[in-house]
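Visitor: Under our numbering, think of the first position of the sequence shown as 8, with each following residue one higher. Note that CB positions come from ideal geometry on N, CA and C, so glycine has one too. Next up is a structure, given as structure tokens.
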Amino acid sequence: SVNQEEEQTNNSLIRLTFDSPIGLHRQIVLGTDDNASTGFDIGYDAFMADVNQEDMFWLQEQQRFVIQGVDSFNDGQEFPIGLIIKENGLARIKIEDLENIEANIEIYIRDTETGEQYDIINESFEVHLEPGTYEEKYTIVFMRETIVELIPDEDVNVDHENFVVHYDSKPSELTIKSGPDKDILNVTLFNSIGQKIRTLDFSSSDTITLHMNTGVYILHIETSAGIINKKIIIN
């Protein structure tokens, strides 16, 4: 019927593509339907019938799926994904297609071990992985976009002495040294118009690997002594 066609048109759909270290590919789908739920639904969820040597899938109730249907996409929702890796190398996950996704919805891959989030709407997620099966490490997360007004190089009650921010493009490393009297509490990377790209984890080291495309970025650094915003220009 017409109503059914309109309902299908209004459903949201996300297609993710996985490129494995040995060159295999898998596409998985996440979609919405008013009749689906966050649990298993016959007719809306599709089990993984064949598993490749290297593969990606949705995880639901300890089962593997290539299609998962839910009733809606909500702020803060997380959908676990699993990966099978045979050989050490670069794995890539990217959005192949979006249908009827609100303009202010952000889609991230979250590393559950580090807490870091990676924006996959603007660029592919790439990571070097060792051989193994990863069923608890990564989730897909939905967030509503928030625009933050940041003034570059504006410091709020922070002593600049001994504070160092440096990005080296060749090894793709970002270093933040706060000095002896200031602890780094939280670091967030924004683009030039104030859109959040990802959070950064400096809890175990003052240097992290960070691949950045050319452009202007702002680091929002929260320390025990106050807040610092720093501009980074990648040519």
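Please determine, among H227, L136, E106, N42, the residue with the shortest C-alpha to C-alpha distance to I128.
Guide: Nearest C-alpha to I128: E106.
Visitor: Q34: buried (16+ other C-beta within 10 angstroms of its C-beta) or exposed?
Guide: Q34 should be labelled exposed.
Visitor: Measure the alpha-carbon distance for P187 versus I228 and round it to whole angstroms.
Guide: So the two alpha carbons sit approximately 16 angstroms from each other.
Visitor: To the nearest angstrom, report how far apart L157 and D190 are at their CA atoms.
Guide: With a pLDDT of only 49 at L157, under the threshold of 50, the placement of this residue in the model should not be trusted; the figure read from the coordinates follows. Their backbone Cα atoms lie some 21 angstroms apart in a straight line.
Visitor: Exposed or buried, E68, counting other C-beta atoms within 10 Å across all chains shown (16 or more means buried)?
Guide: Answer is exposed; the Cβ neighbour count stays below 16.
Visitor: Which partner residues of F170 appear in the DSSP bridge assignment?
Guide: None, per the DSSP bridge assignment.
Visitor: One question on the structure: do I253 and I116 come within less than 8 angstroms of each other, judged by their Cβ atoms?
Guide: Limits of the chain in this structure are 8 at one end and 242 at the other, which puts residue 253 out of reach.
Visitor: Can you look up N236 in the DSSP assignment and give me helix, strand or coil?
Guide: Residue state, collapsed to three classes: strand.
Visitor: With DSSP as the reference, label N17 as helix, strand or coil.
Guide: Residue state, collapsed to three classes: helix.
Visitor: Find the nearest neighbour of N111 within the set N18, G96, P87, Q202, judged by alpha-carbon distance.
Guide: If we check each option's Cα against that of N111, Q202 comes out closest.
Visitor: Does the Cβ of I29 have 16 or more other Cβ atoms within 10 Å, making it buried, or fewer, making it exposed?
Guide: The residue is exposed, with fewer than 16 neighbouring Cβ atoms inside 10 Å.
Visitor: Label E61 either buried or exposed according to how many other C-beta atoms from any shown protein chain fall within 10 Å of its C-beta, with 16 as the threshold for buried.
Guide: The residue is buried, with at least 16 neighbouring Cβ atoms inside 10 Å.
Visitor: Rounded to whole angstroms, how far is the Cβ of G96 from the Cβ of M63, which I believe are closer than 8 angstroms?
Guide: Their Cβ separation, rounded to whole angstroms, is 14 angstroms, which puts G96 and M63 out of contact at 8 angstroms.
Visitor: Measuring only the C-alpha atoms, how far is M219 from F197?
Guide: M219 and F197: Cα-Cα distance of roughly 12 angstroms.
Visitor: Taking buried to mean at least 16 other C-beta atoms within 10 Å of its own C-beta, is F54 buried or exposed?
Guide: It counts as exposed.
Visitor: How many Å lie between T216 and D175 at the Cα?
Guide: Taking the straight line joining both Cα atoms gives about 10 angstroms.
Visitor: Could you give the distance in angstroms between the alpha-carbon of K177 and the alpha-carbon of N59?
Guide: Roughly 35 angstroms between the two C-alpha positions.
Visitor: Beta-carbon within less than 7 angstroms of N81's beta-carbon, same chain only, minus the 5 sequence neighbours each way: which residues are those?
Guide: Excluding positions up to five away in sequence, the list reads F149.
Visitor: Quick one: what's got a C-beta closer than 7 angstroms to E94's C-beta in the same chain, skipping five residues either side?
Guide: Counting only Cβ-Cβ distances below 7 angstroms, and skipping sequence neighbours, we find P28, I29, P138.
Visitor: Report buried or exposed for V194, applying the criterion of at least 16 other Cβ atoms within 10 angstroms of its Cβ.
Guide: Classification of V194: buried, given that the 10 Å Cβ count is 16 or more.
Visitor: Hey, out of A232, I114, T121, S19, whose CA is closest to G76's CA?
Guide: It is S19 whose Cα lies nearest to the Cα of G76.
Visitor: Among the candidates Q124, E103, N17, T182, whose CA atom is the shortest distance from the CA of D41?
Guide: Among Q124, E103, N17, T182, the Cα nearest to that of D41 belongs to N17.
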